[in-house]
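Structure record follows, encoded as C-alpha coordinates.
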(Lines of atoms letter the chains of each structure in order from A and count residues from 1; the text may use other names and numbers.)
(Lines give C-alpha, C1' and ligand atoms only; values in the text may rest on other atoms or scores of the structure.)
Protein backbone atom coordinates (compact mmCIF):
# COMPACT_ATOMS: atom_id res chain seq x y z
CA UNK A 1 0.00 0.00 0.00
CA UNK A 2 1.23 3.53 -0.71
CA UNK A 3 0.89 6.67 1.37
CA UNK A 4 1.58 10.15 -0.01
CA UNK A 5 3.48 12.69 2.07
CA UNK A 6 2.61 16.07 0.61
CA UNK A 7 5.29 18.64 -0.14
CA UNK A 8 6.53 20.46 3.00
CA UNK A 9 4.55 18.23 5.40
CA UNK A 10 5.33 15.97 8.32
CA UNK A 11 3.65 12.70 9.37
CA UNK A 12 4.07 9.97 11.96
CA UNK A 13 3.91 6.30 11.02
CA UNK A 14 3.53 4.73 14.48
CA UNK A 15 0.33 2.90 13.54
CA UNK A 16 1.89 1.50 10.37
CA UNK A 17 4.76 -0.36 12.04
CA UNK A 18 3.88 -4.05 12.00
CA UNK A 19 7.15 -5.78 12.84
CA UNK A 20 7.20 -6.81 16.50
CA UNK A 21 11.00 -6.77 16.63
CA UNK A 22 11.32 -3.36 14.98
CA UNK A 23 13.81 -1.35 17.08
CA UNK A 24 11.78 1.88 17.00
CA UNK A 25 8.42 2.79 18.52
CA UNK A 26 7.63 5.29 15.79
CA UNK A 27 8.97 6.83 12.60
CA UNK A 28 8.58 10.49 11.66
CA UNK A 29 8.63 11.41 7.98
CA UNK A 30 9.42 14.94 6.85
CA UNK A 31 9.03 15.93 3.23
CA UNK A 32 11.10 19.08 2.77
CA UNK A 33 10.85 18.93 -1.02
CA UNK A 34 8.51 20.76 -3.37
CA UNK A 35 6.97 17.50 -4.60
CA UNK A 36 4.77 14.88 -2.92
CA UNK A 37 6.58 11.62 -2.15
CA UNK A 38 4.92 8.20 -2.10
CA UNK A 39 6.02 5.89 0.71
CA UNK A 40 5.34 2.21 1.10
CA UNK A 41 3.37 1.22 4.19
CA UNK A 42 3.31 -0.66 6.50
CA UNK A 43 6.87 -0.62 7.83
CA UNK A 44 8.29 -4.13 8.16
CA UNK A 45 12.03 -3.76 8.78
CA UNK A 46 15.00 -1.41 9.19
CA UNK A 47 15.92 -1.46 5.50
CA UNK A 48 12.65 0.42 4.87
CA UNK A 49 14.29 3.47 6.49
CA UNK A 50 17.23 3.61 4.08
CA UNK A 51 15.03 2.88 1.06
CA UNK A 52 12.83 5.85 1.89
CA UNK A 53 15.71 8.18 2.69
CA UNK A 54 16.88 7.46 -0.85
CA UNK A 55 13.54 8.83 -2.10
CA UNK A 56 14.43 12.23 -0.65
CA UNK A 57 12.31 12.13 2.48
CA UNK A 58 13.77 12.76 5.92
CA UNK A 59 13.19 9.69 8.09
CA UNK A 60 13.50 10.14 11.86
CA UNK A 61 13.37 6.85 13.79
CA UNK A 62 12.02 7.26 17.33
CA UNK A 63 13.65 4.90 19.84
CA UNK A 64 11.74 3.62 22.86
CA UNK A 65 13.76 5.87 25.18
CA UNK A 66 13.23 8.97 22.98
CA UNK A 67 10.51 11.55 23.46
CA UNK A 68 8.32 11.36 20.37
CA UNK A 69 6.83 14.77 21.02
CA UNK A 70 10.24 16.45 21.32
CA UNK A 71 11.50 14.92 18.07
CA UNK A 72 8.26 15.71 16.25
CA UNK A 73 8.22 19.33 17.42
CA UNK A 74 11.87 19.83 16.43
CA UNK A 75 11.24 18.40 12.96
CA UNK A 76 8.10 20.53 12.66
CA UNK A 77 10.04 23.65 13.67
CA UNK A 78 12.74 22.92 11.07
CA UNK A 79 10.04 22.45 8.44
CA UNK A 80 8.40 25.76 9.40
CA UNK A 81 11.69 27.56 8.67
CA UNK A 82 11.66 26.10 5.16
CA UNK A 83 8.00 27.05 4.67
CA UNK A 84 8.69 30.63 5.76
CA UNK A 85 11.60 30.90 3.33
CA UNK A 86 9.26 29.86 0.52
CA UNK A 87 6.64 32.47 1.41
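Numbering (this note's numbering), first residue to last: 1 to 87.
All C-beta atoms, glycine included, are put in the ideal place defined by N, C-alpha and C.
Since we're looking at a predicted model, the values are computed, not measured.
>> Give the list of continuous beta strand (DSSP E) stretches no shorter than 3 residues that lie fully inside the stretch 11–37.
In response: Segments of the beta strand (DSSP E) lying fully in the stretch 11–37: 26–31.
>> Bridge partners for residue 49 per DSSP, in chain order?
In response: For this step, residue 49 is matched to residue 49 along the chain shown. Per DSSP, none; premise fails for residue 49.
> Alpha carbon to alpha carbon, how far is residue 62 from residue 25?
Replying inline: Taking the first residue of the chain shown as position 1, residue 62 is located at position 62. Taking the first residue of the chain shown as position 1, residue 25 is located at position 25. As the crow flies, the alpha-carbon of residue 62 is around 6 Å from that of residue 25.
> How close, in whole Å, do the beta carbons of residue 2 and residue 40 come, if the pair is a contact with beta carbons under 8 Å?
Replying inline: Locating residue 2 in the chain shown gives position 2, where the first residue counts as 1. Locating residue 40 in the chain shown gives position 40, where the first residue counts as 1. In this structure, residue 2 and residue 40 form a Cβ contact; the two beta carbons are roughly 6 Å apart against a cut-off of 8 Å.
>> Using the three-state DSSP reduction, which class does residue 65 fall into: helix, strand or coil?
In response: As a working mapping, residue 65 is identified with position 65 in the chain shown. Residue state, collapsed to three classes: coil.
> Name the DSSP bridge partner or partners of residue 3?
Replying inline: For the purposes of this step, residue 3 is identified with residue 3 of the chain shown, where counting begins at 1. According to DSSP, which records beta bridges pairwise, residue 3 is partnered with 39.
> Regarding residue 67 and the ligand GDP, is the C-beta to nearest heavy atom distance less than 6 Å?
Replying inline: Questions concerning the ligand GDP fall outside what the structure shown contains, since it holds no ligand whatsoever.
> In whole angstroms, what separates the C-alpha of residue 10 from that of residue 74?
Replying inline: As a working mapping, residue 10 is identified with position 10 in the chain shown. As a working mapping, residue 74 is identified with position 74 in the chain shown. Distance from the CA atom of residue 10 to the CA atom of residue 74, rounded to whole angstroms, is 11 Å.
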